[in-house]
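Numbering (the numbering used here), first residue to last: 2 to 295.
As structure tokens, this is what we get:
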């Protein structure tokens with residue numbers, strides 16, 4: 002619980018806030034509670050995998066971030082465009098400072114500078130980069146397949162923000178809570194048309210009649226970096242691949258189901274209700290991804 006005590010204080014008195022029943026000054030909180038990402042979800046983020054100091058798909062992540070910043074009317078600093086090598090150097094320096102020398106998860110968060118209420122005072126941005134170590138030095142396919150369910154309580158709206166990772170993640174959070182409540186491996190998300198579009202933190206692929214199928218971005222899924230890489234690899238290896246809307250009955254007609262994201266690569270699904278799946282293409286693609294990452 003956070004309470005702002007007063008908007009206007011005499012000059013000689015520092016504004017105070019309450020955090021969990023304790024009074025502290027705003028200065029002591031480093032003013033983090035004035036951050037627009039915290040106050041309004043006015044932010045975008047990218048999660049990126051690093052293998053042995055190789056920042057995987059850095060250009061693709063940066064392009065998606067810049068595209069989202071354009072949609073949100075953010076001012077885009079030169080460091081994200083013509084001086085992007087400086088951003089890459091910052092990531093590698095951060096890994097060194099944290100003594101992470103093998104594989105890592107990087108998160109880049111961009112948010113509008115503080116000021117204003119719903120209407121911002123500026124479109125200038127701040128950014129934050131964090132790093133955490135990963136256990137594996139390469140993509141590893143899960144030994145036990147995931148059992149998935151479909152989350153019906155909330156639906157994802159199709160709009161300009163759908164393809165991006167924004168600070169407004171409540172739908173995914175509640176789907177994750179539901180996943181934990183039913184002890185599922187993951188939950189599939191529906192859009193407003195009751196089409197299955199993605200999972201809690203992954204894109205979705207299924208194989209039906211030997212054709213690889215993934216929902217189109219126009220159905221409201223995140224425009225995933227790994228999703229696009231799997232489509233590229235499928236075309237490269239002459240595997241039939243189409244972007245097509247997926248319904249719940251399609252899950253029962255599929256031979257294989259797998260999820261993709263930039264950190265895990267691929268996770269194969271073993272079951273949806275009483276339906277069981279193979280993992281042939283999942284195994285094929287995980288080897289191809291590791292070959293590319295090397």
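A virtual CB, placed ideally from N, CA and C, is assigned to each residue, including glycine.
Could you check where the alpha helix (DSSP H) with residue i kicks off and where it finishes?
i           : result
residue 221 : No alpha helix (DSSP H) contains residue 221, which DSSP labels as neither H nor E.
residue 235 : 226-237
Under DSSP, the beta strand (DSSP E) around residue i begins and ends at which residues?
i           : result
residue 153 : 147-157
residue 273 : 266-273
residue 243 : 242-244
So, helix, strand or coil for residue i, using DSSP?
i           : result
residue 68  : helix
residue 16  : coil
residue 112 : strand
residue 291 : helix
residue 87  : helix
residue 256 : coil
residue 209 : strand
residue 21  : coil
residue 281 : helix
residue 100 : coil
residue 6   : With a pLDDT of only 44 at residue 6, under the threshold of 50, the placement of this residue in the model should not be trusted, and no figure is reported.
residue 92  : helix
residue 276 : strand
Using a beta-carbon distance below 9 Å, is residue i in contact with chain B?
i           : result
residue 102 : Going by chain labels, chain B is absent from the structure shown, which holds only one protein chain.
Relative to the alpha-carbon of residue i, which residue among the options has its alpha-carbon at the smallest distance?
i           : options           : result
residue 15  : 21, 22, 31        : 31
residue 41  : 127, 27, 115      : 115
residue 92  : 171, 47, 122      : 47
residue 262 : 142, 84, 127      : 142
residue 144 : 267, 66, 290, 293 : 267
residue 122 : 235, 76, 231, 173 : 76
residue 185 : 117, 243, 273     : 273
residue 260 : 60, 147, 118      : 147
residue 43  : 241, 74, 242      : 74
residue 165 : 195, 21, 58, 62   : 62
residue 69  : 162, 117, 33, 285 : 162
residue 214 : 198, 237, 245, 20 : 245
residue 198 : 35, 291, 271, 225 : 225
residue 132 : 124, 102, 203     : 102
residue 124 : 117, 113, 134     : 113
residue 66  : 110, 160, 50      : 110
residue 45  : 134, 216, 64, 51  : 64
residue 50  : 217, 277, 28, 265 : 265
residue 291 : 138, 233, 149     : 138
residue 235 : 286, 118, 294     : 286
residue 95  : 72, 29, 134       : 134
Problem set entry | Ranges of the beta strand (DSSP E) found wholly within the region 127-207, counting only runs of at least 3 | 147-157, 187-192, 197-200
Problem set entry | Entirely enclosed beta strand (DSSP E) segments - the region 27-77, minimum 3 residues | As far as the region 27-77 is concerned, its whole beta strand (DSSP E) runs of at least 3 residues are 44-52.
Exercise. Taking three-plus beta-carbon pairs below 8 Å as touching, is the region 96-116 in contact with the region 153-161?
Worked result: no
Problem set entry | At least 3 beta-carbon pairs within less than 8 Å: the region 279-290 vs the region 248-268 | The region 279-290 makes contact with the region 248-268; the number of CB pairs closer than 8 Å reaches 3 or more.
Exercise. Within the chosen definition, does the region 202-213 reach the region 233-252 through at least 3 CB pairs nearer than 8 Å?
Worked result: The count of Cβ pairs closer than 8 Å, one atom from the region 202-213 and one from the region 233-252, reaches three, so the stretches are in contact.
Exercise. Is the region 189-204 in contact with the region 219-233, if contact means three or more CB pairs nearer than 8 Å?
Worked result: yes
For this session: Report yes or no: do three or more beta-carbon pairs, one from the region 126-138 and one from the region 85-101, lie closer than 8 Å?
Result: yes
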